[in-house]
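Trainee: Have a look at this one before I ask anything.
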Amino acid sequence: MFWFLLIAMVVVVAAVTLVVVGGGDGGGLRDSEPDRLHDPLPEDRPVARADVDAVRLPVTVRGYRMNDVDDVLDRLGAELAERDARIAELEAALAGAHASAMGGPGLIQDGPPVLGPVPEAGPAPGPGDREAADGPEAPGKTPDGEERP
Numbered sequence: 016m017f018w019f020l021l022i023a024m025v026v027v028v029a030a031v032t033l034v035v036v037g038g039g040d041g042g043g044l045r046d047s048e049p050d051r052l053h054d055p056l057p058e059d060r061p062v063a064r065a066d067v068d069a070v071r072l073p074v075t076v077r078g079y080r081m082n083d084v085d086d087v088l089d090r091l092g093a094e095l096a097e098r099d100a101r102i103a104e105l106e107a108a109l110a111g112a113h114a115s116a117m118g119g120p121g122l123i124q125d126g127p128p129v130l131g132p133v134p135e136a137g138p139a140p141g142p143g144d145r146e147a148a149d150g151p152e153a154p155g156k157t158p159d160g161e162e163r164p
């Protein structure tokens with residue numbers, strides 16, 4: 016029984032080897048095609064999020080193909096730089112339009128408008144400072160408009 020199983024196994028291995036190596040239609044195993052980036056980023060329009068999501072980088076034995084990865088990263092970097100420049104241009108145009116609508120760049124101020132000369136900042140007068148400055152109560156009117164004795 017042992018010899019029968021051994022001979023059967025040798026026959027099966029030999030048949031599989033002949034089919035794989037060169038038997039059958041003579042074609043054998045065909046070479047596999049290398050993975051390439053089939054869906055590159057579009058050249059005729061700006062890149063959208065769906066385009067980036069659809070990119071599938073081909074894998075090799077040691078990882079991703081460096082040329083394909085470099086191409087995708089270069090394209091995305093150029094798109095981002097172009098969009099940043101466009102955003103800066105639009106923000107500058109908006110600021111200019113806002114300033115011209117308000118009447119000029121000098122009209123926009125922080126704080127309330129100043130109508131007269133600005134008093135110099137000094138210490139705030141206390142309750143006893145008025146008598147010290149004026150001396151004893153001077154005849155005339157009080158700040159409330161009443162007559163002083």
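Reminder that position 141 of the sequence shown reads as 156 in our numbering, one-by-one numbering, no gaps.
Glycine included, C-beta positions come from ideal geometry on N, C-alpha and C.
Which class does Val87 belong to by DSSP, given the choice of helix, strand or coil?
Mentor: If DSSP states are grouped into helix, strand and coil, Val87 belongs with the helices.
Trainee: Note down the Cα distance separating Val28 from Val74, rounded to an integer number of angstroms.
Mentor: Computed Cα separation, rounded: 33 Å.
Trainee: Tell me which residue opens and which closes the alpha helix (DSSP H) that Asp66 is part of.
Mentor: Run containing Asp66: 64-69, per the alpha helix (DSSP H) assignment.
Trainee: Would you kindly work out how many angstroms separate the C-alpha atoms of Asp66 and Ala116, rounded to a whole number?
Mentor: Each residue's alpha carbon lies about 40 Å from the other.
Trainee: For Ala93 and Asn82, what's the separation of their Cα atoms in angstroms?
Mentor: Roughly 16 Å separates the two Cα atoms.
Trainee: Distance check for Arg77 and Val36, CA to CA, integer angstroms please.
Mentor: Taking the straight line joining both Cα atoms gives about 28 Å.
Trainee: Please classify Gly78: does DSSP put it in a helix, a strand, or coil?
Mentor: DSSP places Gly78 in strand when its eight states are reduced to three.
Trainee: Please go through the same chain and pick out, in chain order, the residues whose beta-carbon is closer than 6 Å to the beta-carbon of Tyr79, but skip the five residues on each side of it.
Mentor: For Tyr79, where only same-chain residues beyond five positions count, the Cβ hits under 6 Å are Leu72.
Trainee: Measure the alpha-carbon distance for Val87 versus Leu56 and round it to whole angstroms.
Mentor: Each residue's alpha carbon lies about 7 Å from the other.
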